[in-house]
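The sequence shown: position 58 = 58 (our numbering), numbered continuously.
Below: one structure, written as structure tokens.
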Amino acid sequence: MTSLSRRRALRAVVMTAFVVAAGYGMYRALGDSTDGVADFLARGDAPAVLAGAAALDLAGLTLGMTAWRSLLSGLGHPLGAGPTMRIYGAAMLGKYLPGPFWSGLASVHTGRASGVPAARMIAAYALNSALVLLTAGVVGIAAAPAVLDHSAVVLVLGLALLGVLLHRPRLVLMLARAIARVLRRPPPQALFSEGLLRRSIAVQVVSWAVGGLHLVLIVAVLSGPLDAHTILLCVGGFALASAAGMLVLVVPDGAGIREVVLTLALAPVLTTQQTVTAVVVSRLACTLAEVSGSLAGLAAAALLARRGLRPVPDGPERTAGLTPSAPSEV
1 MTSLSRRRAL
11 RAVVMTAFVV
21 AAGYGMYRAL
31 GDSTDGVADF
41 LARGDAPAVL
51 AGAAALDLAG
61 LTLGMTAWRS
71 LLSGLGHPLG
81 AGPTMRIYGA
91 AMLGKYLPGP
101 FWSGLASVHT
111 GRASGVPAAR
121 MIAAYALNSA
131 LVLLTAGVVG
141 IAAAPAVLDH
151 SAVVLVLGLA
161 LLGVLLHRPR
171 LVLMLARAIA
181 RVLRRPPPQA
191 LFSEGLLRRS
201 IAVQVVSWAV
211 GGLHLVLIVA
221 VLSGPLDAHT
231 ILLCVGGFAL
241 ASAAGMLVLV
251 VPDGAGIREV
261 VLTLALAPVL
271 TTQQTVTAVV
281 VSRLACTLAE
291 VSGSLAGLAA
301 AALLARRGLR
311 PVPDGPERTA
321 GLTPSAPSEV
């Protein structure tokens, strides 16, 4: 066996082990909620509801991938569809591994194989984390209990915060630098245009809104027609819960923390039984969306690579530092 063949075989073994470990993490993430899932699946409309919810969440994830891809382009590394799906899919599966930074490490490994230096992938990880957290905070204002009965106030406040973020998009860079310091890595140094940052912010906000619709669907099935503030609560609560889970790195996909935040958000408008069911079904729908989306992305990327569409890795001159060799316009 040649050295190249051994490397390919080792890579296949590592990726297989990674997927198996992530699958176990997904099982742990569902925890002891199998009884609640079984009760829901006994409903005649359960398959359609679950499929619809997973599709909505997958649409939100796809938009989030688009925002991340734009940030990586701003770092001087625009990617084609194949490498984008491969890196993002591996990082998505990495969320389900217990322990810190698996998602980031997965993206670094697959990014290097696609020609993106580790330093740039770490910078993209910090930037995307900042983008996700800031936009989740903006969208999450819709779940503020103090204004639940005043949907117009919630909407105006959320739009005002979004306006501030769009007016000062470099807040994303400020938070990304703070995250880089926590990771003990050099801060992103790319000369991002404000236009690129605004586009990424807008796409990520839409990503939260679209992804949050999966919870709107589930709650509507459980409790009947929804009013405006309940819809806002579902979308905002989903964003806050996802961000909270992202901050807790020691359990797979923030398991437990995400559910606690979502339960607190939904409790004012649902019964206890409805709340528990909605939280469990949301977790199942999101898991299905992430698993199917990640595996489909990895499979599509592998197919494109076999057809000779894989990018040529960068040379040594492209691997030093974080400053791109060209202006960061998309």
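We treat Cβ as the ideally placed atom computed from N, Cα and C, and that holds for glycine.
A quick note: this is a predicted structure, and the numbers were derived from the prediction, not measured.
Please check the pair R86 and S103, which I expect to be a contact at CB under 8 Å, by giving their CB distance rounded to whole angstroms. Locating residue 86 in the sequence shown gives position 86, counting from the first residue. Locating residue 103 in the sequence shown gives position 103, counting from the first residue. The Cβ separation is near 14 Å, so there is no contact.
Backbone CA spacing between S207 and T62 [nearest angstrom]: As a position in the sequence shown, residue 207 is number 207, starting the count at 1. As a position in the sequence shown, residue 62 is number 62, starting the count at 1. Distance between the alpha carbons of S207 and T62 is about 8 Å.
Can you find the residues in the same chain that come closer than 6 Å, C-beta to C-beta, to A91, ignoring five residues on each side of it along the sequence? Numbered from 1 along the sequence shown, position 91 holds the residue referred to as residue 91. Within the same chain, S103, A106, S107 come within 6 Å of A91 by CB-CB distance, once the 5 residues on both sides are set aside.
Count the other CB atoms within 10 Å of the CB of H167; is the residue buried (16 or more) or exposed (fewer)? Locating residue 167 in the sequence shown gives position 167, where the first residue counts as 1. Under this definition H167 is an exposed residue.
Assign T2 to one of two classes, buried (16 or more other C-beta atoms within 10 Å of its C-beta) or exposed (fewer than that). One-based indexing of the sequence shown puts residue 2 at position 2. Around the beta carbon of T2, fewer than 16 other beta carbons lie within 10 angstroms, which makes this residue exposed.
Beta-carbon separation (whole angstroms), I218 vs V260, contact threshold 8 Å: Taking the first residue of the sequence shown as position 1, residue 218 is located at position 218. Taking the first residue of the sequence shown as position 1, residue 260 is located at position 260. Contact annotation, I218 with V260: C-beta distance approximately 18 Å; criterion of less than 8 Å not satisfied.
In angstroms, rounded to a whole number, what distance separates the CA positions of R258 and L161? Residue numbering aside, residue 258 sits at position 258 when the sequence shown is read from its first letter. Residue numbering aside, residue 161 sits at position 161 when the sequence shown is read from its first letter. Rounded to the nearest angstrom, the two C-alpha atoms are 23 Å apart.
Using the C-alpha atoms, what's the distance from L50 back to C286? Start at 1 with the first residue of the sequence shown, and residue 286 comes out as number 286. Start at 1 with the first residue of the sequence shown, and residue 50 comes out as number 50. Computed Cα separation, rounded: 10 Å.
Does the beta-carbon of A124 have 16 or more other beta-carbons within 10 angstroms, so that it is buried, or is it exposed? In the sequence shown, counting from the first residue as 1, residue 124 sits at position 124. A124 comes out buried.
Limits of the alpha helix (DSSP H) - the one that P188 falls within: As a working mapping, residue 188 is identified with position 188 in the sequence shown. P188: not part of any alpha helix (DSSP H); DSSP gives it neither H nor E.
Short Cβ contact (9 Å threshold) for A67 with I231: Counted from its first residue, the sequence shown places residue 67 at position 67. Counted from its first residue, the sequence shown places residue 231 at position 231. No, the pair does not count as a contact, with Cβ atoms beyond the cut-off.
Looking only at C-alpha atoms, which of T84, A42, G60 sits nearest to S242? In the sequence shown, residue 242 corresponds to position 242, counting from 1. It is G60 whose Cα lies nearest to the Cα of S242.
With 16 as the cutoff for other CB atoms within 10 Å, does T271 come out buried or exposed? As a working mapping, residue 271 is identified with position 271 in the sequence shown. The residue in question, T271, is exposed, as its Cβ has fewer than 16 Cβ neighbours within 10 Å.
Which residue wins for smallest C-alpha separation from A296, given the options L127, R185, T84? Numbered from 1 along the sequence shown, position 296 holds the residue referred to as residue 296. Taking the Cα of A296 as reference, the smallest distance to any Cα among L127, R185, T84 is reached at T84.
Just to confirm before moving on: does the CB-CB distance between A278 and L213 stay below 9 Å? Numbered from 1 along the sequence shown, position 278 holds the residue referred to as residue 278. Numbered from 1 along the sequence shown, position 213 holds the residue referred to as residue 213. No; because the gap between Cβ atoms is not below 9 Å, this pair is not in contact.
With distance defined between alpha-carbon atoms, name the residue in G237, A265, L288 nearest to V139. By 1-based counting over the sequence shown, the position of residue 139 is 139. G237 is the residue among G237, A265, L288 whose C-alpha sits nearest the C-alpha of V139.
Backbone secondary structure at S114 - three-state DSSP: Here residue 114 refers to the residue found at position 114 when the sequence shown is read from its first residue. Coil, per DSSP.
Within a Cβ cutoff of 7 Å, which residues of the same chain sit near S129, ignoring the five residues on either side of it in sequence? Locating residue 129 in the sequence shown gives position 129, counting from the first residue. Counting only Cβ-Cβ distances below 7 Å, and skipping sequence neighbours, we find I179.
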